[in-house]
Amino acid sequence: MNRTDYVIDQMISAKSIAARVESLARAIEAEFAGTDQLVIVGLLRGSFVFIADIARELSNLPVEVDFLEASSYGNSMESSREVRILKDLRGEIGGRDVLVVEDIVDTGHTLARVTEYLATRHPRKLRTVALLDKPSRREVDFRADWVGFEIPDEFVVGYGIDYAQRDRNLPYIGKVRFPANAEAAATDGAA
Ligand code: 5GP
Ligand code: MG
Ligand code: MG
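Okay, structure coming up:
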């Protein structure tokens, strides 16, 4: 499909996200009060904007930033059931406080697998925060400790989240929509 054949309807404004990130950070701060070091682990690449904002809202805590990459969507809109660790952490987490920062919990496979994997290193405390949650899509029993917004089963982009690597730089969350004429063009062989 032609990359310009879709439109994006705003779902959550930048202002709403900022307010929610601030309140999430206050809850996280309370949970980790008194920590000597909190390692915040962003799941690449979709969480890069969220973790940047969360990190700056946690400026009262001693925070270390690390990243992990797990395989998920590739360039399609379908979730993969099998989750692989493509890039591991740089630092140690054994005996330390860890917060995993994710963009979206969808089927739940990614965070279920990633938290299981990180738990084998015996962090002192392991918590998860996801900006978005699509509870209606869940296939495995997983709940993030904190969720920014519950959303319906829509494909979303923006604020770090992509469609075929585009739209990560939008400051808001929007849902992708394919106008009828664009779909017709795509089936005519525009892809
Ligand atoms: P899960 O393993 O929970 O099914 O999938 C989680 C991952 O799927 C998310 O981290 C994200 O990368 C991807 N994902 C789920 N829903 C969406 C969506 O609406 N848009 C995009 N771009 N990625 C999504
Ligand atoms: Mg992701
Ligand atoms: Mg993606």
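Under full-length UniProt numbering, think of the first position of the sequence shown as 1, with each following residue one higher.
Using N, Cα and C, we set each Cβ at its ideal position, and we do this for glycine too.
Here the structure is a predicted model, which means the values were calculated and not measured.
*asked:* Less than 6 Å separating the Cβ of V49 from some heavy atom of ligand 1?
replied: By one-based count along the sequence shown, residue 49 stands at place 49. Every heavy atom of ligand 1 is 6 Å or more from the Cβ of V49, so no.
*Along the beta strand (DSSP E) that carries E102, what are the first and last residues, could you check?*
By one-based count along the sequence shown, residue 102 stands at place 102. Unbroken beta strand (DSSP E) run through E102: 97-105.
*Return the first residue and the last residue of the alpha helix (DSSP H) that A164 is part of.*
Walking along the sequence shown from the start, residue 164 turns up at place 164. Counting along the chain, A164 falls outside any alpha helix (DSSP H), and DSSP gives it neither H nor E.
*Can you give, in chain order, each stretch of the beta strand (DSSP E) that sits fully within the UniProt domain "Phosphoribosyltransferase" (15-163) and has at least 3 residues?*
38-44, 63-70, 85-87, 97-105, 125-133, 146-150
*Could you tell me which of I104, P152, A33 sits nearest to residue 199, measuring between CA atoms?*
Summary: the structure shown does not reach residue 199, with the chain confined to residues 1 through 191, and so no result is reported for it.
*asked:* Considering only the alpha carbon of each residue, which of R124, I54, S136 lies closest to G108?
replied: Here residue 108 corresponds to residue number 108 of the sequence shown, with the count starting at 1. Per the Cα distances, S136.
_For ligand 2, is there any heavy atom lying closer than 6 Å to the beta carbon of G174?_
One-based indexing of the sequence shown puts residue 174 at position 174. Incorrect: G174 has no Cβ contact closer than 6 Å to ligand 2.
*Is it right to say V21 is buried, meaning 16 or more other beta carbons lie within 10 angstroms of its own, or is it exposed?*
Taking the sequence shown and counting its residues from 1, the one referred to as residue 21 is at position 21. Buried.
_Between which residues of its own chain and S13 is the CB-CB distance below 8 Å, once the five residues before and five after are set aside?_
Counted from its first residue, the sequence shown places residue 13 at position 13. Excluding residues within five positions, the ones whose Cβ falls inside 8 Å are Y172.
*Would the beta-carbon of G46 be found less than 6 Å away from any heavy atom of ligand 1?*
If you number the sequence shown from 1, residue 46 lands on position 46. G46 Cβ: within cutoff of ligand 1.
*Contacts around R45, its chain only, beta-carbon distance under 8 Å, and the 5 residues preceding and following it disregarded*: As a first step, residue 45 must be located in the sequence shown, where it is residue number 45. The residues are E69, G160, D162, R168.
*Note down the Cα distance separating F50 from L38, rounded to an integer number of angstroms.*
The residue labelled residue 50 in the question sits at position 50 within the sequence shown. The residue labelled residue 38 in the question sits at position 38 within the sequence shown. So the two alpha carbons sit approximately 17 Å from each other.
*asked:* What does the alpha-carbon distance come out to for the pair F155 and G34?
replied: The residue labelled residue 155 in the question sits at position 155 within the sequence shown. The residue labelled residue 34 in the question sits at position 34 within the sequence shown. Roughly 39 Å separates the two Cα atoms.
_If you follow the beta strand (DSSP E) that D9 is in, where does it begin and where does it stop?_
Taking the sequence shown and counting its residues from 1, the one referred to as residue 9 is at position 9. Note, D9: beta strand (DSSP E), 7-12.
*Does the distance from the C-beta atom of V7 to that of I40 stay below 7 Å?*
Counting from 1 along the sequence shown, the entry for residue 7 is found at position 7. Counting from 1 along the sequence shown, the entry for residue 40 is found at position 40. Their beta carbons are not under 7 Å apart, which means V7 does not touch I40 by this criterion.
*What is the rounded straight-line gap between the Cα of D145 and the Cα of I151?*
Walking along the sequence shown from the start, residue 145 turns up at place 145. Walking along the sequence shown from the start, residue 151 turns up at place 151. Cα to Cα, D145 sits roughly 16 Å from I151.
*With 16 other CB atoms within 10 Å as the buried threshold, where does P15 fall?*
Translated into positions along the sequence shown, residue 15 becomes position 15. Strictly speaking, residue 15 in this sequence is Lys, with Pro absent from that position. It is exposed - the Cβ of K15 has fewer than 16 other Cβ atoms within 10 Å.
*What's the call for A25, buried or exposed, on a 16-neighbour Cβ count within 10 Å?*
By one-based count along the sequence shown, residue 25 stands at place 25. That one is buried.
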